[in-house]
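Taken in sequence, the protein lines are chains A, B and C. Per numbering that gives the first Met the number 0, the first sequence runs over residues 0 to 384. Per numbering that gives the first Met the number 0, the second sequence runs over residues 0 to 230. Per numbering that gives the first Met the number 0, the third sequence runs over residues 0 to 394. Cβ atoms here follow ideal geometry from the backbone N, Cα and C, with glycine treated the same way. Keep in mind the model is a prediction, meaning the values are calculated, not measured.
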Amino acid sequence: MNQALLVAKNLSRRKLRTALMLVAILIAFFLYGGLASFNRAFYASENSAAADRLVTVNRINFTMPLPVNYAAQIAQVAGVKAVTYQSWFGGYYQDPRAPLFMFAVEPASYFEVYPAIRMPPEQRRAFLSNRTALAVGKTTADKYHWKVGDHVPIFSNIYSRKDDAKAWDFDIAAIFTDPDDSARESIVLMRHDYFDEMATFGRDQINMAILLTDTAAHVDAVAKAVDARFANSEFETQTDTAAAFNRAFTAQLGNIALIVTLVVATAFAAILMIVGNTMMMAVRERTREIGVLKTLGFRNSTILQQILAESLLLALVGALLGLGLATGAVQAASRNIAGFGSNMRMSAPVFLGGLGWAVLLGLATGAIPAWTAMRLQIARSLGRR
Amino acid sequence: MTDPLSFQLRHVTKRFVKGKETISIFDGLDLDIPAGDFVAIMGPSGSGKTTLLNLLGGIDHVTSGEILFDARRVDTLTENQLSAWRAANVGFIFQFYNLMPVLTAAQNVELPLLLTNLGRKARRANVATALELVGLSDRAGHYPREMSGGQQQRVAIARAIVSDPQVLLCDEPTGDLDRTTADEVLGILQLLNREHKKTIVVVTHDPEVTRFTKRTLHLNKGVFVERTSLS
Amino acid sequence: MGRPFRQIAAIASMNIRSIPQRLWMSLSTVVAIALVVAVLLAFLAMGNGFRQAQSSAGAEDIAILLRDGAQTEINSAVSRDQRDIVEEAPGIAREAGVPLVSAELYVIVDGISRSTGLRANLPLRGLPLVGVALRHNVRIAEGRMFRPGTNEIVAGRSVTREFSGFDIGKTLRLGTSVWTVVGIFEDGGTVRESELWGDVGVVQSVFKRENFFQTIRARLAGPNALAPLKAYVDADPRLKLAVESEAEFFAAQAKQSSDLIQKLGWPLAIIMAIGALAGALNTMYSSVASRGTEIATLRAIGFGRIPTFVGTLAEALTLAVIGGIVGIIAATALFQGYTASTLSANFTQVVFKFQVTPALCVSALVLAVVVGTIGGVFPAFRAARLPIVGMLGDQ
């Protein structure tokens, strides 16, 4: 036996009480782990975008169109390495309330601007050669159990077809992954020429041009140059880094970070009170024993350390359990929430941060009880029956 | 020639404040306890017996006066020094055993050894010796709740002697035991005094204790009346 | 001994009056439950406010027509020809022979949020003056309505409050032209107050959407006029439009968003409640333990098991209800009327207020009571089954 065992034994003194404390702490850290990971994934779209990638949209608002020939014009701006374009299709498969992240794109240039996209060469060729081909990200393909070769009908809640057919028919030509950005694996790509041919309006128009600069350092200069080119024209542009674009978008959803922080803070406040009071009570129950330890010769500072060690052990075990559960929950969420949700995973900063909070919690809940125990006067603590 | 003194109390005064009153336990008390003494201190409730024991053990402090142990002052030691001094020199035995319920008998006995530099093997050896001396080697792995009152008190004695202190201070050690068990415990104390030369001070209500001790001191309202018993 | 109710009342009141003896432990349970209730109520109030801002905007006697399959105004497309055909439809109210039909265009422009300083999407609705009349509760609070054919706009109250640059007299660039804000309108805090309005013809030309509309609104001639209008539209193959009352349309949109917030709020609150439950159980078990002698004495005197059980349960419920009430008061004080904005289904900012209602408070209180009940039942069992012998005297 050693002092560490003594600390652990003291916790096992009232097993039910220790278990209840662990549950409370576990819950708080489960919430922290889950919400912090959610927060990270939510704002990750700001960070994962490549530093050398810019998006150009209509200056009035990104929902307004740009002429398709802007892409060719942008390609001529100094510092632009490659440019592509896309249009939001507003597509859905079977359920109108579950929209797809579907874009009409120019295939060859799209893969130039997003070189990280991976698919077998024969699938790429099929997408490039077949007008009604569809390239689907792995996450969405798995969700709907699509395989290469399937024929799928997709509806648009924006665009209707010239031939009055309701559904747009596609052949699934490719299923791709993107190791750099797992959110991209939720995307569905159709060909812009198919769209231009069949849509009743919106042909020769694009939502957004995406371009790569030759180096990340030139990003600001190139953005300014592109916007200058189209200044005072019918369709003025606004060019930003993809990260800035995403950031402005997420900011509009609301101050999610603040909400997450507040919820986690209230959870921690609650357990701080609960666990702190319980530690206080536990120490008070052991007044006599603490006196006995002191008569045996244990120093006041040793008693202080023992109690702090107890509260730290409790906090760390509870935190590890809660963070472990959160890891599982986050994994499940990443499979079931589309878009940024698929980016959700337990990351080192969140996990280590949680352990750091656990240490602080342990110290905070143990501080007063440990101080009280340290200052206990032996004679009084032995007491008289 | 006098025996060397374990303890010397010189003109010890102990007062404490309770609300508006100041209560005086001792006023200028003197006491000599020679090394190897086995003394019982008796007296009515409130006479200051337990306070005297606490003062000897350094777990309570004098208002004025001096306490010397082996001719050196202990009333002026700091808390940390007192802790170290206690660990090395004093073993306590209480009326209600005061064992840690979460530890086994052996682990309870081992507690004082955690304050030393002894390695695990040495500690275990000492624990075994102590338990054997009190006759509880077969109960080493049992928890206090699994033992009778007498057995628990014997474990407490083992704990008190495991570091081989010079002095044992006992506060009503037989108060919670039946006659037979009490006599067993007192017999162990006597053994420790005779064969291991430990200085033992027993505070008690139990008149049978005087059959085992070398002398008896009667305390009444903070003053001694001495009577030497036949031993 | 005595009638059961007297026993129960006696023990319950003793239990409750003994709470101050375990003040800090009891307080920690009350605080934990209060926090759970406050968080739940905040989410519910948020969902409720969002839903109210949207749903209260819909009128029963206004029909709204969108392209078939478009779920939101921004995804819809309606041509001038289609509008002309609709104007002939039965069921539409007329004033002096003129059909009360408003074909409108919904464009997104940028504003700067006052609180964050970042760009936000705002709706600019182009509509004819008759369209203004179709919104019953709208009134001009300051300034005047825009004049048709000019670059004048009016701003909803929420827009002026939350976004900079929309005060009366200010000019600003929307699209490729400069506009002037000539008035501020109010509409009872509905989602309409998050909009900018301008003349439809001018908006169409500035944003290059000539002959292009997105929605048609029409005043219905009477309470049963929706059916004939729908039949007329369905029968005509040139009109691929969906017809609904405005009330239905907004209600559907509102339900979607409030569903989402509820789906977030309740699970979160329940998870937190489990933590609070652990605290409550802890408090109650220690209450039973610390009063063991008292309980045993009562049992020895002759009080039965049921009063003991109920007494402990009463103590737990008291703590829970106090916690629930504290949480409700705190949430109401902090959040009631708090203004926030987020993206609607139309990709534009909707400004709404957190709305705490008595019904929501009851839901939150129910959660507190559930926590108190579960947190009290098990310790109550233990109290009722405490052995009398061995608890009397010292422990």
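| Check | Outcome |
| --- | --- |
| Identify every run of the beta strand (DSSP E) within the region 57-106 of chain A, keeping only runs that are complete inside it and at least 3 residues long; order them along the chain. | 79-87, 100-104 |
| What does A:R16 touch in chain C if you count any residue whose Cβ is under 8 Å from its own? | N281, Y284, S285 |
| Near B:N97, what residues of its chain come up, given a Cβ to Cβ distance below 6 Å and the 5 sequence neighbours on each side ignored? | none |
| Whose C-beta lies closer than 7 Å to the C-beta of A:F350 among residues of the same chain, with five residues either side of it excluded? | L322 |
| Distance check for A:A242 and A:A49, CA to CA, integer angstroms please. | 8 Å |
| What is the residue span of the alpha helix (DSSP H) that A:F248 lies within? | 241-252 |
| Does any residue of chain A bring its CB to less than 9 Å from the CB of B:V61? | no |
| Closest Cβ-Cβ distance between A:L21 and chain B: below 9 Å? | no |
| When burial is assigned at 16 or more other CB atoms within 10 Å of the CB, is C:S285 buried or exposed? | buried |
| With DSSP as the reference, label C:G291 as helix, strand or coil. | helix |
| Using a 10 Å radius around the Cβ and a threshold of 16 neighbouring Cβ atoms, would you call C:G197 buried or exposed? | buried |
| Helix or strand or just coil, what does DSSP make of B:H217? | strand |
| Contact defined as beta carbons within less than 8 Å: I believe A:M207 pairs with A:V54. What is the distance between those atoms, to the nearest angstrom? | 5 Å |
| I want to verify the contact list: residues of chain C whose CB lies under 7 Å from the CB of A:I205, in sequence order. | Neighbours of A:I205 on chain C: none; closest Cβ ~15 Å, over 7 Å. |
| Check whether the Cβ of B:I32 lies closer than 9 Å to any Cβ atom in chain A. | no |
| Taking only beta carbons into account, state which residues of the region 324-349 of chain A come closer than 8 Å to chain B, listed in chain order. | none |
| Would you kindly work out how many angstroms separate the C-alpha atoms of B:R153 and B:V184, rounded to a whole number? | 7 Å |
| Pick out whichever of C:V201, C:D186, C:D109 has its Cα sitting closest to the Cα of C:E151. | C:V201 |
| Kindly identify the DSSP beta-bridge partner or partners of B:I40. | B:V202, B:L216 |
| Put C:N210 into one of helix, strand or coil per three-state DSSP. | coil |
| On the premise that A:S300 lies in contact with A:M373, defined as a C-beta separation below 8 Å, what is that separation, rounded to the nearest angstrom? | 7 Å |
| Closer than 9 Å by beta-carbon distance: list the chain A residues that pair up with C:I73, in chain order. | T62, I157 |
| Please list the partners that A:I270 has in chain C, where partner means a Cβ-to-Cβ separation under 7 Å. | G274 |
| Quick check on this structure: which residue in B:R85, B:R72, B:N79 has the alpha carbon closest to the alpha carbon of A:R298? | B:N79 |
| Verify the CB distance criterion: does C:K239 have a CB-CB separation below 9 Å to chain A? | yes |
| Given a cut-off of 9 Å on the beta-carbon distance, is the pair A:A264 and A:I24 in contact? | no |
| On the three-pair Cβ rule with 8 Å, is the region 169-187 of chain C touching the region 139-154 of chain C? | yes |
| With a threshold of 9 Å between beta-carbons, can A:N299 be considered close to chain B, or not? | yes |
| Along the region 346-367 of chain C, what residues have a CB closer than 8 Å to any CB found in chain A? | F346, Q348 |
| Quick one: using the 10 Å Cβ neighbour count with 16 as the cut-off for buried, is B:I22 buried or exposed? | exposed |
| Whole angstroms are fine: how far does the CA of A:A103 sit from the CA of A:A224? | 26 Å |
| Output the boundary residues of the beta strand (DSSP E) element that contains C:N197. | The residue asked about is misnamed: residue 197 of chain C is Gly in this sequence, not Asn. Residues 195-198. |
| Checking contacts by CB at 9 Å: is C:Q394 closer than that to chain A? | Any reading at C:Q394 is ruled out, since the residue's pLDDT is 37, under 50, leaving its predicted position unreliable. |
| Residues of chain C with a CB under 8 Å from the CB of A:A247: which are they? | L117, R118 |
| Could you check which residue in A:A328, A:A227, A:Q237, A:N335 has the C-alpha nearest to that of A:A77? | A:A227 |
| What number of angstroms, rounded off, separates the C-alpha of A:L4 from the C-alpha of C:A315? | 35 Å |
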